[in-house]
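Chains as they are written, first to last, in numbering that gives the first Met the number 0: chain A, 0 to 325; chain B, 0 to 384; chain C, 0 to 288; chain D, 0 to 247. Positions of the beta carbon are idealized from the N, C-alpha and C atoms, including for glycine. As the structure is a computational prediction, the values presented were derived from the model and not from experiment.
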Amino acid sequence: MFRQSPARTLVLLATLAGLAVYASAGGYFAREIVVEIAILAILAISLDVVAGFGGMVSLAHGAMMGLSAYTYAIFSVKLGWPPLPSALMGIGASALFGTAIGWITGRTTGIFFIMATLAFGQMAYTVFFKWRWLGGDDGLGGLSRFDLGWLGIKMGDSLTFAFFALVMVLAVYAAAAWVLRTAFGRTLTGIHTNEDRMRALGVSTVVHRAQALGFSAMLAGVAGIIAAQHILYISPEMLVWTVSGEVLIVVILGGLGTLIGPLLGAVIFVLLKHEISAYTNHWHIVIGILLIATVLSGGRGIYGQVEHWLTRRTQPAGKTAEAPDA
Amino acid sequence: MKPKFISMALAAAAGIGLATPAVADTKVGLLLPYSGTYAALGNDITDGFNLALELSGRTGEFEIVREDTEVKPPVGLAKARKLVLEDEVDVIVGIVSSGVLGAVRDFVDGAQVPLIVANAGNDNATGDACSAYITRVSFSNAQVNRPMGTWMAEQGIKKVYTLAPDYAAGRQMIEAFTETYTAAGGEIVGGEYTPFGQTSDFGPYLANAKASGAEAIFVFYAGGEAISFVKQYGSFGKELPLYGSGFLTSSLYVNAQGEAAVGVTTSLHYVPTLDTPENNAFVEAFGAAYEGRTPSEYAVHGYDAAMTLMAAVDSGASDRETIAATLPQVKYVGPRGPLEIDPATNNVVQNVYIYETVMDGGALTQKVVGTVEAVRDDPKGCALQ
Amino acid sequence: MDASFWILQFLNAAQFSMLLFLLSIGLTVIFGLLHFINLAHGALYMLGAYIGISVAAATGSFWAALILAPLAVMLIGAVLYFTLIDRLRGAGPMNQVLVTFGLIFVFLDLVRMGWGDVALGLSAPPSLAVTSDILGVKYPSYRLFIIALGLAIMAGLWITLARTQIGAMIRASVENGPMASAMGINVGRLFFIVFCVGCVLAGLAGVAAAPVTSATTGMGISILIPTLIVVVIGGLGSLQGAIAGSIIVGFIETFGAVLLPGFAAVLTYILLAAILVLRPQGLLPARGH
Amino acid sequence: MLEVRKLCKSFGGLQVTRNVSFVLEPGERRVILGPNGAGKTTLFNQLVGTLTPSSGDILVQGRSVMGLSVSARAREGLSRSYQKNNLFEDLSVRENLMLAAAAGQGKARSIWRDSFRDAEVRETVREVAQQVALTDMLDMPVRSASYGSRRQLEVGLALATRPRILLMDEPTSGVGPTMIESFHRLLHSLPRELTVLIIEHDMDLAFDVADRITVLNFGEVVFEGTPDETRGNKVVRDIYLGDWQANA
C-alpha cells in the first residue's frame with residue numbers, strides 16, 4: 000500500500016528545490032538538463048503508478064507521451080487552437096489511448112502484457128512516422144508555449160520554463176500520490192497483489208486496470224505537452240519503444256513502487272548520461288552495468304534500498320509464517 | 000582507436016590554445032551523432048574536419064566543442080541550444096540526420112547562429128525552409144539524384160523500378176530521380192517504399208521488380224540496409240542492372256558488400272578515386288592520418304566544412320553575423336572538385352559523379368563513368384535573394 | 000505475375016521463416032525449460048555475427064565461422080550462466096527481463112569498442128554464392144542453404160526431444176520440475192546444457208544470417224522485436240509454437256510486402272495484438288505452465 | 000435464494016458435474032459432502048463464475064447469473080472463500096479486510112475518497128476482525144501470520160464483503176482442533192439471514208451447522224437431506240464411511 004511518508008515528502012521537496020537552485024545558478028545547459036529531468040521524471044512517475052502499484056509494466060509510455068505531443072501539435076499548429084485547450088486535447092488523447100490499451104489487453108499479464116503494450120506503442124509510432132500531413136519522419140515544428148503573459152510570466156525564458164517544468168513534476172507527483180491513496184489506488188494495489196481475489200470480491204479488474212492505465216497515460220500526456228513546448232518541435236522518435244525502455248530503466252534504478260524513486264532515478268540517469276558522454280561515447284555500457292547491479296542487489300532501486308535500510312534499523316525483521324501454506 | 004587519439008590531442012591543443020592569449024579566435028560546435036545508428040558517419044565527419052585543420056596547421060585557431068546528438072531530434076536540439084547559449088560558439092558544424100536538422104532549424108535561424116550542415120540532405124533545408132544562417136556544404140537529396148535520371152535515360156534505359164526506405168530522404172531521392180528520368184522520356188514501371196529500418200529481407204521486392212517488366216532498378220539505401228540490399232541483389236544473380244544513389248555503394252561499406260557490388264552504377268557528389276591533384280593529396284593525407292582508411296563522402300563533408308569555415312575566417316569573418324554573411328561567398332577547389340555556395344539557397348553547388356563499382360586487382364574501387372558539372376538546386380520557395 | 004513469381008515469393012517466405020526460426024528457437028527453448036526470459040538473446044545473435052565475421056576474416060573460411068562462432072557464443076553464454084543467469088532463476092520474470100535488458104546495452108558497447116561503428120558484411124561461401132534452379136526458378140543457393148539449415152535444426156531438436164534420453168529428461172523437467180528432480184534428474188545440469196544449446200543456436204543464427212543481411216551494432220536490439228513476436232505468437236516455450244510463429248510471421252511479412260506494401264510495417268504488430276487479445280497464451284503454448 | 004438447475008460440466012470426455020440441482024432457501028445452512036474428486040470445488044467455481052458450465056442454469060434470488068462475470072456475481076452478493084488460502088500476501092491483515100469491505104460496499108473505485116478512512120468500511124473491518132478473531136493482529140503483515148490466522152482471514156475476506164450468499168470451500172482444511180472449535184462458534188455467530196453453502200470434510204462441523212446436507216459423488220448428487228437423515232442413510236454411510244474415517 001502506498002504511503003506518502005514524511006521522508007518521501009522531504010526527498011521530493013529537497014530534490015525539486017535542488018533542481019530549482021541548479022537551474023537558477025547554473026548556465027543555460029543546466030536549465031536544459033532540468034527540463035529534461037522533469038520530462039523523464041513525469042514519465043517515470045506515471046509508469047511507476049501502473050508498474051509499481053498495478054503490476055503493469057508498459058512499454059507504451061513513450062507512445063503515450065508522443066501521442067499527446069502530436070495531438071497538441073494537431074490542434075495548436077494545424078487547427079489554430081490556443082495552446083491551453085490544445086494541451087488538454089493532447090492529454091485527453093493519451094488518456095484515451097492508455098485506457099484503450101488497458102481495455103484490450105485486460106486479460107494479459109507479465110511478459111505478455113509487456114509485449115502487447117510494445118505492439119500498440121510501435122503501431123502508434125509507425126502511424127506518425129508515415130503520416131505526411133504531420134511531417135512524417137521529419138517531424139513538425141512551429142509549436143508554441145503557453146502564453147502566461149497576463150500573469151506576468153514569460154514562458155519563453157529558459158529559467159521560467161524550467162521552473163514551470165518543475166512545478167508540473169510536483170503537480171504530477173501530487174496527482175499520482177493522491178490517486179494512490181484513494182479507494183481507486185488501494186484497489187489497484189489489491190489487483191496487483193492478487194487479481195483473482197479482487198475479482199472474487201466484486202471488482203471488475205479489467206475495467207479498473209484499464210482506468211489505471213488511462214490515468215497513467217494522462218500523466219504521461221503531461222510529459223508530452225512539456226516536451227513539445229520545450230523544444231517546440233516534435234518527431235516520431237518520441238514514440239519509439241526504446242524511449243519507454245529508458246523510462247523503465249529509470250523507474251528500476253530509482254525504486255519501483257516508491258513513486259519518489261523514479262524522480263531520483265530521472266535525476267541520476269540524466270546527470271550520469273551527460274557526465275559519461277563528456278568522456279566517452281559508450282554510456283550505454285555504464286547504464287547497462289548499473290541496471291544489472293541494481294537488480295542483483297535486490298531490485299529495490301536507490302530509494303527502495305535506502306528505505307529498506309531505514310526500516311530494518313528501526314524494527315527487526317518480521318517473523319515468517321510458522322506453518323507452510325497448503 | 001587512433002582517430003580518438005587525434006581528437007583528444009586536438010582537444011588538448013585547444014586547451015593549450017586557450018592558455019596562450021587570443022589564439023583560439025573561433026569557437027566551433029561539432030553537433031554530430033557519436034552513438035546510435037549513425038555513429039560511424041559522425042566519426043568520419045569529425046575525422047575529415049580535424050584533418051583539414053591539422054593540414055593547414057590551424058588547430059590552435061579553432062576551439063572545438065563536441066556534442067552527441069544520439070540521432071535523436073530532441074537531443075540534437077537540446078545540444079544545439081547548449082552550444083549556442085552556454086558554450087557561446089560562433090558556428091555550429093554537423094548534423095547527420097534530416098530529423099535533427101528539422102528540429103534545429105528554427106532555433107539557429109532565430110538565434111542567428113551560422114550552421115554549416117555537413118551531411119543532412121533534406122531538400123527543404125535549402126528550399127522553402129532555407130535560412131540565411133544555414134549553409135550546406137554536403138549535398139541535397141535532389142541534387143545527387145537528378146543527374147542520374149537524365150543520364151540513365153540517355154543510356155537508353157526505358158523502364159525502371161524504384162526502391163527506397165519509407166522515410167523523407169528516401170522519398171526525396173526517388174522523387175528527384177523520377178522527375179528528371181520521366182522528363183527525359185523514361186518510364187517508372189513500379190516501385191516501393193520499404194519499411195525503414197525494419198526490412199531485413201529484400202527478396203520479395205527484388206522479385207516484384209523483376210515481375211514489373213523493368214529494364215533496371217534504381218534504389219536508395221544507406222548503412223546496414225545498403226549492405227543487405229546489395230548482397231541480396233547479388234545473391235539473386237543480378238538479374239536486372241542496379242543503379243542508385245551513390246550512398247548505396249559508399250566506400251565506407253562497399254567492402255562489406257563484396258563482389259555483389261561490382262557493376263552497380265550510382266551517382267554521388269564525391270568518389271574517392273577522382274583523379275585530381277586536390278583529391279589525390281586529400282586521400283593520401285587522410286590515409287596517413289587514419290590507418291590507411293579511404294575517405295568516404297562523409298569524411299569529405301567534414302573536411303570541406305572546415306575548409307569553408309577557414310576560408311570565411313580568412314576573408315575577415317570573426318563573429319556569428321560575419322561568418323553567416325561570408326560563408327555563401329566561399330568558392331574553392333577541393334577533393335570533390337570546384338565547390339561554391341549558391342547565394343540563392345545557401346546550398347553547395349558541385350559536380351555530381353556517376354560511377355561504377357569495379358573490381359580492380361582484388362579490391363573494390365570506383366570508376367567514374369560520367370560527370371555532371373556544377374549541379375545547382377532550384378530555389379524552390381527559398382527567398383534568400 | 001506468373002507461377003514462377005509466386006514460387007519465388009514462396010521461397011522467400013520460407014527462407015525468412017527459417018531465419019526467424021533459427022533466431023527464436025534458442026529463446027523459446029531456454030524459456031520452455033528454465034522459464035527464463037533472455038532478452039540478451041538478440042545480443043548473443045549479434046555476437047555470433049561479429050565473431051563469425053572475424054573468424055571468416057582470419058581463416059578465410061565461412062564454414063570455420065559457422066562452427067567456431069556459435070561455440071564462442073556458447074562460451075560467453077556459459078560465463079553468463081555462472082555469473083548471472085543461475086542466480087536469477089528464482090528471481091521472477093521482471094528481474095530477468097531487466098538484467099538481460101542491461102546485458103543488451105553492455106554487449107552493444109562492447110561490440111562497438113571491438114569492431115567499430117561501421118556496418119560489416121560476411122560473404123557467403125563460394126559454393127553457395129551462386130543460384131540454383133529449383134521448381135523452375137533461379138534461386139540463391141545460400142538462401143536454400145538457410146532453408147535446409149532451419150529444417151535440419153528443427154528435425155534435430157524434434158528427434159532429440161522425442162527420441163533421446165536427454166530429450167525425455169527435458170520434457171519431464173518442462174512439465175514438472177520438482178518431480179523430475181525427485182526422480183533423480185540433475186535439473187541444474189540440464190538447465191546449463193539447455194542454456195548452452197540456446198546460446199549456440201543464437202550464435203548460429205547470427206553467422207547464418209550475416210551473408211544475407213549485415214552486421215550492425217543495432218542488430219541485437221532491432222532483431223529482438225521480431226523474435227519476441229514470433230515466440231509470443233507461437234506460444235512461449237514451445238518448439239511447435241516457435242515453428243508455427245516463424246512460419247506465420249515469415250509468410251505474413253513476405254506476402255505483406257508483396258500484396259499490401261503500404262501496411263507491411265504494421266502487419267505483424269496487428270497480428271501480435273490480435274493474438275494477445277484473443278489467445279494470450281499464444282497459438283501452441285507449452286504444457287506444464 | 001440460490002438455485003442450481005441441471006448443471007453439467009465436462010472437460011473433454013470427463014464429466015465433472017452431472018446434472019446437479021438444488022435450492023437454497025434464504026438463511027439456509029447447507030453443507031456439501033463428498034470424497035476427494037467428487038467435483039465440489041468445480042461446482043463452486045461454476046457458481047461464482049470462474050468456470051462456465053456446459054449446460055444448466057444458476058439463479059440468485061430468482062434471476063439467472065449465467066451471463067454475469069465473476070465480479071458481477073460478487074456484486075450480486077455471492078462471496079466465496081477458498082480451500083487454498085488466496086490472500087493479499089504483501090499487505091497487512093487490516094489492509095486485506097479493508098479491500099474486501101470497500102469492495103463489498105461499492106467503495107473500491109473512487110478517486111476522491113480514501114476507502115481506508117471510510118467510517119463504514121472501518122466499522123465492517125472491526126466487526127469482521129472480531130468475528131474471525133483477528134483483532135489483535137490487524138497490523139501484522141499477512142506473510143508473517145500463522146497458517147491458522149491466515150485461514151481465518153480467508154473466511155474473513157469472504158465475510159467482509161457482507162454477502163447475501165456465503166460460499167466456503169473447506170474452511171477448516173489443514174487446521175487443528177482448537178481452530179475447528181472457533182469455526183463452530185463463528186458459523187453460529189453469523190447473522191441468521193445469511194445463506195451459507197459450505198464444502199466440508201469435518202463431519203462434526205457439518206452435522207453441527209447444517210440445515211441440510213447434499214452429498215456429491217463423481218459430480219452427481221447422490222443424496223440430499225437433513226443431518227439426521229444423512230446420518231441414518233445407509234447408502235451414504237456405506238459409500239463414504241471409509242472416506243469419513245480417513246478424514247476424521
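Sequence-distant residues of the same chain with beta carbon closer than 6 Å to residue i, five excluded per side
i, result
"residue 24/C", "200, 241"
"residue 183/B", "149, 152"
"residue 210/D", "27, 28"
"residue 221/D", "214"
"residue 245/B", "265, 266, 267"
"residue 198/C", "43, 72, 73, 76"
"residue 381/B", "126, 129, 344"
Contact check, residue i vs residue j, beta carbons under 8 Å
i, j, result
"residue 145/B", "residue 124/B", "no"
"residue 189/B", "residue 217/B", "no"
"residue 333/B", "residue 306/B", "yes"
"residue 101/A", "residue 213/A", "yes"
"residue 64/B", "residue 88/B", "yes"
"residue 204/B", "residue 164/B", "no"
"residue 348/B", "residue 373/B", "yes"
"residue 97/A", "residue 215/A", "yes"
"residue 95/C", "residue 35/C", "yes"
"residue 116/A", "residue 58/A", "yes"
"residue 232/A", "residue 72/B", "yes"
Same chain, Cβ closer than 7 Å to residue i, neighbours up to 5 away in sequence not counted
i, result
"residue 275/A", "282, 285"
"residue 44/A", "171, 172, 175, 218, 258, 261, 262"
"residue 294/B", "47, 271, 281, 282, 285"
Residue i in three-state terms, based on DSSP
i, result
"residue 195/B", "coil"
"residue 129/B", "coil"
"residue 321/A", "The pLDDT assigned to residue 321/A is 34, lower than 50, so where the model puts this residue is not dependable; a value taken from the coordinates is nonetheless given after this. Here residue 321/A sits in coil by DSSP."
"residue 53/C", "helix"
"residue 93/B", "strand"
"residue 292/B", "coil"
"residue 375/B", "coil"
"residue 7/D", "strand"
"residue 87/D", "coil"
"residue 104/D", "coil"
"residue 20/B", "Because the pLDDT at residue 20/B is just 38, under 50, the model does not fix this residue reliably, and the value given afterwards should be weighed accordingly. DSSP places residue 20/B in coil when its eight states are reduced to three."
"residue 86/A", "helix"
"residue 111/C", "helix"
8 Å CB neighbourhood of residue i in its chain, flanking five on each side removed
i, result
"residue 307/A", "297, 299"
Whole-angstrom C-beta distance between residue j and residue i, which should lie under 8 Å
i, j, result
"residue 197/B", "residue 122/B", "Contact doesn't hold; Cβ gap of about 25 Å is too wide."
"residue 237/B", "residue 262/B", "7 Å"
"residue 36/A", "residue 265/A", "5 Å"
"residue 29/B", "residue 75/B", "About 12 Å separates the two Cβ atoms, so there is no contact after all."
Delimiting residues of the alpha helix (DSSP H) encompassing residue i
i, result
"residue 163/A", "157-179"
"residue 149/D", "146-159"
"residue 249/D", "In this structure chain D extends from 0 to 247, so residue 249/D is not present and cannot be described."
"residue 111/B", "Neither: residue 111/B is in no alpha helix (DSSP H) and is coded neither H nor E."
Residue i: first and last residue of the uninterrupted beta strand (DSSP E) it sits in
i, result
"residue 331/B", "330-333"
"residue 25/B", "25-31"
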